[in-house]
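Peer 1:
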Amino acid sequence: MLEWDLSALFHDKEALQNFTQDQIQQSLNFKKNYENKLYALNANEFLQALKDYENLNQALGKIMTYAYLLFAKNTQNGSFYAQYEEECKKIEEN
0 MLEWDLSALF
10 HDKEALQNFT
20 QDQIQQSLNF
30 KKNYENKLYA
40 LNANEFLQAL
50 KDYENLNQAL
60 GKIMTYAYLL
70 FAKNTQNGSF
80 YAQYEEECKK
90 IEEN
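Note that numbering that gives the first Met the number 0 has the sequence shown beginning at 0, numbered continuously upward.
#1: Does DSSP put T19 in a helix, a strand or coil?
#2: DSSP state of N28, grouped into three classes?
#3: Is there contact between the stretch 30-45 and the stretch 64-84, where contact requires at least three CB pairs shorter than 8 Å?
#4: Identify the continuous alpha helix (DSSP H) that holds F114 and give its terminal residues.
#5: Helix or strand or just coil, what does DSSP make of S78?
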């Protein structure tokens with residue numbers, strides 16, 4: 000049976016967990032920095048906000064790609080996939 004080499008995304012589940020926790024913190028920072036403040040940003044600050052938002056979205060894609068591919072390999076492990084859906088929801092809510 001062929002297996003995906005997911006090391007380009009994360010070396011292991013621990014690296015995924017560490018990255019996910021970091022992204023939750025990044026999303027909290029994004030919220031703190033920009034919530035109800037976008038109207039007051041100058042052009043450079045607004046550009047930075049867009050870049051930060053883009054980085055968070057790319058991180059979500061990376062997390063969910065890894066989680067989905069592991070789930071697809073073993074669909075009996077739905078709790079793992081559900082865990083990262085919940086973690087990503089936390090990031091999106093911020």
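From the three backbone atoms N, C-alpha and C, an ideal C-beta is built for every residue, glycine too.
Everything numeric in this text was worked out from a predicted model, so none of it was measured.
Peer 2: Result, derived from the coordinates:
#1: T19 carries a helical assignment under DSSP once its states are collapsed to helix, strand and coil.
#2: Helix.
#3: Contact annotation: the stretch 30-45 does not touch the stretch 64-84, with fewer than three C-beta pairs closer than 8 Å.
#4: With the chain running from 0 to 93 in the structure shown, residue 114 is simply not present.
#5: In this structure, S78 counts as helix in the three-state DSSP scheme.
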